[in-house]
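Participant: Residue numbers (the working numbering), protein chains in the order written: chain A, 1 to 114; chain B, 1 to 113.
Glycine included, each C-beta is placed from N, C-alpha and C at the ideal position.
In structure tokens form, the structure reads like this:
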């Protein structure tokens, strides 16, 4: 009965570095979402997976952002050539299936780009 | 386009009192879902309560209830008997296409002893 886990919890990167953020959803959950939360704001949608298929990536802010979920469980959000404006908390959420009501969130990864 | 508006950046409430956090929404979809999440300083988003657009009764979960007024497009959260541990950010959200959530700006609730 573990919840959604994310790693690392905190990441400091120098501008221009690549980073990879990991999300382990609740076991058996079909749907997985990534959100970006800037300081003092509500989370904003980045991308959505149903199993291994990325069905919506309309929220990814630039082509430096890439997400994958190759086996339909663990997902990785990769940010290439990080910029200061990428500093935010990155939240991952999962739910049972496409029709389920409730998304369960992980603790987030706080990314700081210097 | 779907939108959530929370007009209260911050609220104070005395311990053991009730408090209402406001949320209005905009959507043209006939079927939608509304959520409230709590985000303490640790950062995790904790699900509190859900209201479906076709639900006849207002949702309740323990000390949380959702005052759903469909004609006014409002979905206010009522917390009864506030506790010090209720101090946190509270977000109202709507389920959009393919289940993604659209969040408001949040309300920071402070419970005073």
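1) Determine, for residue 108(B), whether the minimum Cβ-Cβ distance to residues of chain A falls below 7 Å.
2) Hey, how far is the Cα of residue 50(A) from the Cα of residue 97(B)?
3) Please determine if the segment 9-28 of chain A and the segment 102-109 of chain A are in contact, where contact requires at least 3 C-beta pairs separated by less than 8 Å.
4) Please decide whether residue 45(B) counts as near chain A, where near means a Cβ-Cβ distance under 7 Å.
5) Alpha carbon to alpha carbon, how far is residue 135(B) from residue 10(B)?
6) For residue 23(A), report the span of its beta strand (DSSP E) as first-last.
7) Among 63(B), 56(B), 42(B), 101(B), whose alpha-carbon lies nearest the alpha-carbon of residue 80(B)?
8) For the candidate residues 73(A), 42(A), 62(A), 114(A), whose alpha-carbon lies nearest to that of residue 95(A)?
9) Return the residue from the list 3(B), 18(B), 25(B) that minimises the CA-CA distance to residue 82(B).
10) In whole angstroms, what separates the C-alpha of residue 94(B) from that of residue 52(A)?
11) Between residue 61(B) and residue 92(B), what straight-line distance do the alpha-carbon atoms span, to the nearest angstrom?
12) Looking at residue 7(B) and residue 73(B), is the spacing between their C-beta atoms short of 7 Å?
13) DSSP three-state call for residue 52(B): helix, strand or coil?
14) Taking buried to mean at least 16 other C-beta atoms within 10 Å of its own C-beta, is residue 56(B) buried or exposed?
15) Check this for me: beta carbons of residue 20(A) and residue 102(A), under 7 Å apart or not?
16) Identify which residue in 70(B), 21(B), 105(B) has its Cα closest to the Cα of residue 28(B).
17) Which residues in chain B have a C-beta closer than 8 Å to the C-beta of residue 48(A)? List them in chain order.
18) Determine whether the beta carbon atoms of residue 51(B) and residue 34(B) lie at a separation below 7 Å.
19) For residue 89(A), go through chain B and note every residue whose CB falls closer than 7 Å to its CB, in chain order.
20) Per DSSP, what kind of secondary structure is residue 57(B) in: helix, strand or coil?
21) Residue 101(A) by DSSP, collapsed to three states: which one?
Facilitator: The structure says:
1) no
2) Rounded to the nearest angstrom, the two C-alpha atoms are 13 Å apart.
3) yes
4) yes
5) Because residue 135(B) is not part of the residues shown, which for chain B are 1 to 113, the question remains open.
6) Counted as a single uninterrupted DSSP element, the beta strand (DSSP E) harbouring residue 23(A) occupies residues 19-24.
7) 63(B)
8) 73(A)
9) Among 3(B), 18(B), 25(B), the Cα nearest to that of residue 82(B) belongs to 18(B).
10) 25 Å
11) Between the alpha carbons of residue 61(B) and residue 92(B) lies a gap of roughly 15 Å.
12) Between residue 73(B) and residue 7(B), the CB-CB gap reaches or exceeds 7 Å.
13) strand
14) exposed
15) no
16) 70(B) is the residue among 70(B), 21(B), 105(B) whose C-alpha sits nearest the C-alpha of residue 28(B).
17) Listed along the chain, the chain B residues whose CB falls inside 8 Å of the CB of residue 48(A) are 98, 99, 100.
18) A contact, by the Cβ cut-off of 7 Å.
19) Residues of chain B passing the Cβ test: 43.
20) coil
21) coil
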